[in-house]
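Sequence lines, in order, name chains D and F.
Take the first sequence: its position 287, counting from 1, is numbered 287 in the UniProt record's numbering, and each next residue is one higher.
Take the second sequence: its position 199, counting from 1, is numbered 199 in the UniProt record's numbering, and each next residue is one higher.
There are 2 protein chains.
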Amino acid sequence: MTAAHTTVEPARPLVPVLAVVGVGLIGGSFAAALRASGAVGKVLGVGRSATSLSTARELGIIDEVATLERAGREADLIFLATPVGAIAPMLAALKPCLRDSTLITDAGSTKADVVAAAREALGERIRQFIPGHPIAGAEKTGPEAADPALYRHRNVVLTPLPENSGGDKAALTKIWERCGAKVIVMEPEAHDAAMASVSHVPHFLSSVFMWQVATAQDSDLRMRLAGSGFRDFTRIAAGSPEVWRDIFLTNRPAILAELQEVKAALARAELALQDADGPDLQDFLERAALARRFWGSRSGLS
Amino acid sequence: MTAAHTTVEPARPLVPVLAVVGVGLIGGSFAAALRASGAVGKVLGVGRSATSLSTARELGIIDEVATLERAGREADLIFLATPVGAIAPMLAALKPCLRDSTLITDAGSTKADVVAAAREALGERIRQFIPGHPIAGAEKTGPEAADPALYRHRNVVLTPLPENSGGDKAALTKIWERCGAKVIVMEPEAHDAAMASVSHVPHFLSSVFMWQVATAQDSDLRMRLAGSGFRDFTRIAAGSPEVWRDIFLTNRPAILAELQEVKAALARAELALQDADGPDLQDFLERAALARRFWGSRSGLS
């Protein structure tokens with residue numbers, strides 16, 4: 001990485017050549033954030049959609065469209081912002097053309113599965129890969145949705161491997177901080193369990209609910225009466241089906257385990273409703289409301 | 001009602017004296033909207049919290065604090081914006097002091113239960129009560145949250161009774177339209193079934209989920225990693241426990257029936273996840289995403 005260079009030559013950017021694989025919301029916002037903070041020299045864009053790449057170039061998010069091979073040869077940092085299922089094939093394709101000094105990171109929403117696949121794909125070059133997951137997103141997709149402020153004040157989890165060097169870990173932390181993010185270091189499995197709870201299960205439930213309402217016989221009438229509560233509860237269900245299918249498949253055991261917990265809680269609340277038990281209903285509603293209000297005041301997100 | 005008067009004396013407001021019972025978000029916003037549109041003369045505020053009433057008066061939402069009895073004697077329109085469980089006792093207390101020309105409506109989130117209780121409480125004066133439900137709200141509560149624009153472009157369901165006069169129904173429709181709302185007329189039971197689906201079940205699920213996360217052993221870590229999806233999915237769980245306890249209790253059969261449908265859909269999606277069935281997962285995610293995006297583009301709410 002180039003952290004050492006920046007102290008010697010201050011004019012040299014933190015990341016002389018950045019390659020972003022997947023120039024949508026996540027990858028495009030990363031490139032835009034680094035460019036806005038003056039941390040990047042040239043940005044190469046890699047992807048399968050010619051339209052997205054062309055839009056990203058028109059918007060100034062990337063400077064040039066490149067192949068994966070060129071990214072491996074030229075980039076100082078490669079940011080993989082593809083669906084989780086595409087990360088391992090990308091790493092396998094990158095391996096033969098990687099320079100020794102190239103650092104790779106990703107934005108995959110699951111980490112244990114990605115780490116296992118990365119070890120297989122990269123072999124001894126696994127030291128060049130630091131797994132990451134920015135906790136940020138929106139229901140919008142594509143390069144048009146890219147926003148240099150997307151990661152500001154957001155958490156980014158890194159799950160470094162024993163093979164990663166201290167210098168690379170420090171450099172990647174600094175890069176994320178230049179995007180305005182706060183870095184949290186965790187084990188991959190702890191990350192996956194926590195994300196199953198606060199991200200994957202809510203998405204699963206929101207999508208199941210939306211699907212159930214949409215397939216009801218009187219769905220038109222129902223949806224006419226849907227208000228702001230429905231809007232908020234179902235917003236995540238509009239997210240990319242492909243991205244979320246991959247997340248569900250790669251974090252399957254943790255999600256299935258967490259769903260059991262949620263169903264047990266649901267059964268308890270349903271029993272209170274069946275029994276028309278007002279105090280019990282109010283008790284669980286109060287605990288939920290207090291916890292949500294406390295979270296809202298601390299998270300800076302609501 | 002005063003609809004006839006306004007054509008004869010244009011200087012006379014649509015509602016010369018409005019009484020709002022419950023001066024929080026819903027009642028306060030109704031008063032503020034009518035005042036902003038010049039549709040109201042004097043506003044009386046009725047409630048059990050001296051603090052809320054005093055705040056509402058300081059904010060100019062109400063002109064005077066009044067007893068329920070005075071509201072019954074003086075008001076042309078009484079708007080009941082209390083928790084659903086308090087509507088019947090209010091109507092019973094109002095009955096002995098009601099003028100013949102006073103119209104009463106409510107903002108209760110359930111209607112069949114309210115209609116039954118209103119018939120019992122009002123007897124022959126049931127003709128003066130037109131049940132209503134504005135589909136609007138926010139997680140904030142209290143008179144400070146009152147907003148004259150809360151009902152703009154929102155749907156308001158009225159479930160008129162056979163005893164209501166055509167003149168009264170037209171007058172109440174006009175009043176809601178002055179708040180910027182669109183009036184939909186429905187049967188109480190159809191309203192309750194639709195609301196169970198698109199409002200009550202989402203609130204139940206969001207609260208159950210929030211409660212489950214908050215009571216987990218590692219809830220602190222989980223909540224640090226919670227992002228914008230969590231924020232949206234759990235926003236409604238911050239709502240008033242008392243209000244929602246009453247809604248759940250008064251619309252219990254419809255909610256329990258709808259919960260069975262959601263659980264059946266969940267079981268089907270869970271099976272696809274257990275089987276790691278990518279195409280099946282993607283299929284349900286796609287249907288949900290398309291339906292949500294279509295709703296968002298039509299509803300004007302997202």
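Glycine included, each C-beta is placed from N, C-alpha and C at the ideal position.
In this text, all values refer to a predicted model and were calculated from it rather than measured experimentally.
When DSSP states are grouped into helix, strand and coil, E120 (chain F) belongs to the helix group. At the C-beta level, L44 (chain D) and I61 (chain D) stay beyond 8 angstroms of one another.
Only F230, R231, D232, F233, T234, R235, I236, A237, A238, G239, S240, P241, E242, W244, R245, F248, L249, R252, I255 and L256 from the region 230–256 of chain F bring a Cβ to less than 8 angstroms from some Cβ of chain D. Using a CB distance cut-off of 8 angstroms, P83 (chain D) does not count as an interface residue toward chain F. Identification of residues in the region 109–128 of chain D having a C-beta nearer than 8 angstroms to some C-beta of chain F yields an empty set. Contact annotation: the region 216–228 of chain F does not touch the region 276–283 of chain D, with fewer than three C-beta pairs closer than 8 angstroms. Put simply, the region 133–144 of chain F touches the region 20–36 of chain F. At least three CB pairs are less than 8 angstroms apart.
Contact annotation for M195 (chain D) against chain F: L225 [CB-CB distance below 7 angstroms, chain order]. Every beta strand (DSSP E) stretch that sits fully inside the region 99–166 of chain D and reaches 3 residues is listed by chain position as 103–106, 132–134 and 155–158.
Distances from the CA of A272 (chain D) to each of F:L256, F:R178, F:L271 and F:A146 were compared; the closest alpha carbon is that of F:L256. Closest option to A107 (chain F), judged by alpha-carbon separation, among F:A56, F:S240, F:N155 and F:T82: F:T82. M210 (chain F) places its beta carbon less than 8 angstroms from that of A237 (chain F). Each residue's CA atom was taken as its position, placing F230 (chain D) and L34 (chain F) some 27 angstroms apart. Rounded to the nearest whole angstrom, the C-alpha separation of V198 (chain D) and L18 (chain F) is 45 angstroms. Residue-level contact by beta carbon holds for F284 (chain D) and chain F, with a gap shorter than 8 angstroms. F:G28 is the residue among F:L68, F:P89, F:P241 and F:G28 whose C-alpha sits nearest the C-alpha of A149 (chain F).
In chain order, N155 and V157 place their CB closer than 6 angstroms to the CB of I184 (chain D), counting only its own chain and leaving out the 5 sequence neighbours on each side.
The C-alpha of A117 (chain F) lies about 8 angstroms from the C-alpha of I87 (chain F). With distances taken between CA atoms, C179 (chain D) lies nearest to D:A31 out of D:A11, D:A31, D:V20 and D:P16.
The beta-bridge partner set that DSSP reports for L256 (chain F) is empty.
If you keep only unbroken beta strand (DSSP E) runs of at least 3 residues inside the region 47–87 of chain F, you get 77–80. Partner residues in the beta bridge of L44 (chain F), as assigned by DSSP, are F:A19 and F:E64. The criterion of a C-beta distance shorter than 8 angstroms is satisfied by D192 (chain D) and A254 (chain D). Within 8 angstroms of the CB of V262 (chain D), the CB atoms of chain F belong to V208, F209 and Q212, in sequence order along the chain.
Proximity of G27 (chain F) to chain D, defined by a Cβ-Cβ separation below 8 angstroms, is not satisfied. No Cβ of chain D is located within less than 8 angstroms of the beta carbon of V21 (chain F). Here K182 (chain F) has N155 as same chain residues with Cβ atoms under 6 angstroms from its own Cβ, once five neighbours each way along the sequence are excluded.
Taking C-alpha positions only, A216 (chain F) is separated from A291 (chain D) by approximately 12 angstroms. Pairing E242 (chain D) with A93 (chain F), the inter-Cα distance amounts to about 58 angstroms. Against chain F, the CB of H203 (chain D) has a partner CB under 8 angstroms away; the residue lies at that interface. CA-to-CA, the gap between E74 (chain F) and L80 (chain F) works out to about 15 angstroms. Against chain F, the CB of I61 (chain D) has no partner CB under 8 angstroms away; the residue lies outside that interface. The beta-carbon of I130 (chain D) is placed no less than 8 angstroms from the nearest beta-carbon of chain F.
With contacts defined by Cβ atoms closer than 8 angstroms, K95 (chain D) and R125 (chain D) form a contacting pair. Close to A216 (chain F), with beta-carbon spacing below 8 angstroms, are these residues of chain D in chain order: S197 and E261.
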